[in-house]
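Residue numbering for the sequence shown follows the working numbering, starting at 85 and increasing by one per position.
Where is the CB? At the ideal position from N, CA and C, for every residue including glycine.
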Amino acid sequence: MEKEKWVVCSAWPYVNFIPHLGTLIGSMLSGDVFARFLRHLGNDVIYVSGSDVHGARMEFEALIEGITPEELVERNHKIIVDHLKKFRISFDNYTKTSSQHHKRFIQDFYKRIYENGYVFRKKEIMPFCEGCNRFLPDRFTTGRCPFCDYENARGNQCENCGRLLEPSQLLEIKCAVCGGKPVFRETVQWYFDLPRLANKLLGYVEKQVHWPENAYTLTLNMIKEGLSPKSLTRDLEWGIKAPFPESDDKTIYCWMEAVLGYVSATKEWCEKNGREWIKYWKEPGAKTVFFIGKDNIPFHTIILPALLMAAEDNYVLPYQIASTEFLCYEGGKFSKSERKGVWIDEAVQLLPSDSWRFYLIRIRPETRDVNFIWEDFEEKINEELIGKFGNFVHRVLTFTNKYFDGVVPSPNGYDEEDKRILNEVRRIFEEITGTLREIRLKKAIRKVIDLSDKGNTYFQLKEPWKLVNEDREKCKTAIYVGLNICKALAIAIDPFLPETAEKMWRMLNMNGDVHTVNWFSALERIKPGREIGKPEILFRKVNRKDLLSKLMEIRGKH
Ligand SMILES: [Zn+2]
Ligand SMILES: [Zn+2]
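What follows is the structure, given as structure tokens:
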């Protein structure tokens with residue numbers, strides 16, 4: 085099969101907070117599973133993301149803490165990078181938008197689209213809060229959405245209907261900081277001429293029938309309703325200086341530069357690693373996929389492709405959008421102020437990362453909002469991950485060690501049941517492959533558990549503990565089949581639970597690296613006569629009451 089070039093892109097989290105479990109499954113973890121799967125298929129994959137550090141919110145947070153925005157960014161970025169490692173998120177480049185590399189890229193990029201005639205200057209009236217003595221860009225204003233009547237729409241977007249907004253469109257506009265009614269003052273801003281690309285965008289989006297339903301429909305409707313020019317600059321200090329004539333006191337709107345971070349991060353990585361970045365972004369056939377929450381769709385299906393078109397530089401346009409709905413926590417939203425939710429720095433102190441990875445992928449909000457519920461967490465870990473998967477692997481390996489001195493026995497003829505299970509393994513493995521290709525991760529992990537459960541049923545049916553005395557040859561076949569299912573499981577589980585796959589690989593004493601081994605070698609039979617390793621415990625049982633009290637203890641220490 086032809087090696088494909090892929091850039092897997094995960095939305096850039098804003099660096100003022102440590103991400104919670106919802107952010108993890110919405111972008112980074114989902115992207116990680118897919119990137120790992122693509123690598124197994126032998127593709128040339130670069131997985132990128134980073135901290136989104138600019139914008140008014142960051143300036144504001146730093147002010148409150150009494151430190152500079154740079155200090156705040158450095159501190160939080162480091163914590164996030166450490167924890168993403170603990171979660172085994174396999175980024176090739178996890179960078180930040182304050183890097184010199186990104187700044188240079190953004191300034192060159194915007195100079196280019198300015199020269200191409202896609203940027204214009206406009207006097208405008210902006211909301212200004214006299215109480216706070218500042219202009220109120222974006223999230224600094226709230227009000228009623230003119231499209232859906234939602235009460236708490238922000239100046240840049242309505243969270244309810246997903247539409248992008250300008251502050252002047254808000255009804256009953258308020259200052260988000262002090263609640264005061266803003267006045268409108270004149271200022272000059274630069275705009276991206278989005279309407280000029282509307283037809284081209286429509287032609288492009290109509291062809292993307294492989295996008296998820298929510299992304300496809302929302303995007304088409306927005307283009308058909310009509311696009312407005314998108315403001316590009318802000319009256320803010322903390323950001324990337326706008327590179328246009330007489331734009332010295334302006335910075336680029338953080339959303340309009342962070343969204344190009346996928347390109348600059350790929351370029352940065354390639355330059356450090358002796359690769360040609362244009363092969364990933366400017367050569368036909370190169371593919372990009374974006375792991376984002378549903379609130380982020382228009383930025384990736386309209387703004388990003390429009391910017392890439394405006395560069396007139398042969399960029400490949402986004403190939404796939406992997407958008408998720410929201411993860412809620414016990415029936416409500418994650419909320420830092422109310423301490424509702426679990427944050428990744430807390431999660432790793434409670435349980436090994438694979439337990440979290442399993443549950444989050446198992447309930448991944450693919451078609452509707454989903455709830456994180458502790459009772460369900462306990463049930464799915466204990467009954468599925470441990471009761472089915474862990475149990476099967478443990479039984480087969482323990483049996484091999486106990487009755488065959490830890491040596492893979494030779495099969496001796498396959499009966500109908502053996503043949504049936506071997507066919508079943510092949511069929512389910514192919515289904516796992518198919519669902520992973522379609523990025524239906526939740527279904528894929530369910531099928532991995534199914535596969536282990538089929539192994540359990542087979543084991544029960546064969547009763548090797550009886551066969552070992554009654555018909556040793558048949559027993560050898562059954563254990564041989566069981567070990568081969570374990571091997572298939574080790575590879576199948578790897579994109580989801582990389583640490584577990586490593587343990588299984590070691591227990592089976594297989595050659596090579598389980599993370600890079602060819603995906604389809606999962607179905608190649610193990611050589612009889614090989615020695616295997618000692619069984620290890622794969623997962624610990626969980627008890628939600630213990631976990632919750634431990635969580636309170638962790639929080640008490642801060
Ligand atoms: Zn709305
Ligand atoms: Zn105010």
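Endpoints, the beta strand (DSSP E) within which Y413 is located: 411 to 413
State buried or exposed for N236, treating a residue as buried only when at least 16 other CB atoms are found within 10 Å of its CB. exposed
Neighbour-count burial assignment, E468, 16 or more Cβ in a 10 Å radius: buried
Give the DSSP-derived three-state secondary structure of C648 in the structure shown. Outside the shown range of the chain, which is 85 to 642, sits residue 648, and nothing can be said about it.
Sorted by chain position, which residues of the same chain lie with C-beta nearer than 6 Å to R609's C-beta, five sequence neighbours on each side aside? N568
At least three beta-carbon pairs within less than 8 Å, the region 185 to 197 to the region 142 to 160: no
Any heavy atom of ligand 2 closer than 7 Å to the beta-carbon of G215? yes
4 or more residues per run - each alpha helix (DSSP H) lying fully within the region 370 to 438: 388 to 394, 428 to 434
Which residues mark the beginning and the end of the beta strand (DSSP E) in which K89 is found? 89 to 94
So does G239 have its beta carbon nearer than 7 Å to some heavy atom of ligand 2? no
As an exercise, report each continuous alpha helix (DSSP H) stretch of at least 4 residues that is fully enclosed by the region 445 to 518, in chain order. 458 to 463, 475 to 487
What are the start and end residues of the alpha helix (DSSP H) that includes P251? Here P251 belongs to no alpha helix (DSSP H), and DSSP marks it neither H nor E.
State yes or no: is the C-beta of E554 within less than 8 Å of the C-beta of M591? no
Just the Cα atoms here: how many angstroms apart are D597 and K169? 18 Å
Nearest-angstrom Cα separation, counted from K618 out to L125: 29 Å
I need the straight-line Cα distance from K195 to I470, nearest angstrom please. 56 Å
Whole-angstrom Cβ separation of S407 and P296, contact assumed at under 8 Å? 6 Å
Could you tell me which residues DSSP puts in a beta bridge with R228? L255
Just how far apart, CA to CA, sit M636 and D429? 13 Å
Which term fits G703, buried or exposed, when burial requires 16 or more other beta carbons within 10 angstroms of its beta carbon? As displayed, the chain neither begins before 85 nor continues past 642, which places residue 703 out of reach and without an answer.
Suppose the cutoff is 7 Å on Cβ atoms and the five residues either side in sequence are ignored; what does the same chain contact list for R172 look like? S437, P582, E583
Could you tell me which of L304, K366, Q273, N305 sits nearest to P329, measuring between CA atoms? Q273
According to DSSP, is W353 part of a helix, a strand, or is it coil? helix
Nearest to N177 by CA position, among R218, W96, E256, D534, is which residue? W96
Other residues of its chain near D397: CB distance less than 8 Å, five sequence neighbours each side excluded: R196, K366
E615 beta carbon less than 8 Å from that of V491: yes
Report the CB separation of L506 from V532 in whole angstroms; it is logged as a contact under 8 Å. Incorrect: roughly 17 Å between the Cβ atoms, too far for contact.
Would you report the Cα separation of N595 and V601, rounded to the nearest angstrom? 9 Å
Looking at L254 and T225, is the spacing between their C-beta atoms short of 8 Å? yes
Can you check DSSP and say which residues form a bridge with R218? C213
Nearer than 7 Å: is that true of the beta carbon of V261 relative to any heavy atom of ligand 2? yes
For L278 and L401, the rounded distance between their alpha carbons: 16 Å
Please list, in chain order, all residues of the same chain as I445 whose beta carbon is under 6 Å from its beta carbon, the five residues on each side excluded. L525, I529, F580
Mapping DSSP to helix, strand and coil, what is R223? helix
Where do the N-terminal and C-terminal ends of the beta strand (DSSP E) with I130 fall, by residue? 128 to 135
Quick check: is any heavy atom of ligand 1 less than 7 Å from the C-beta of N380? no
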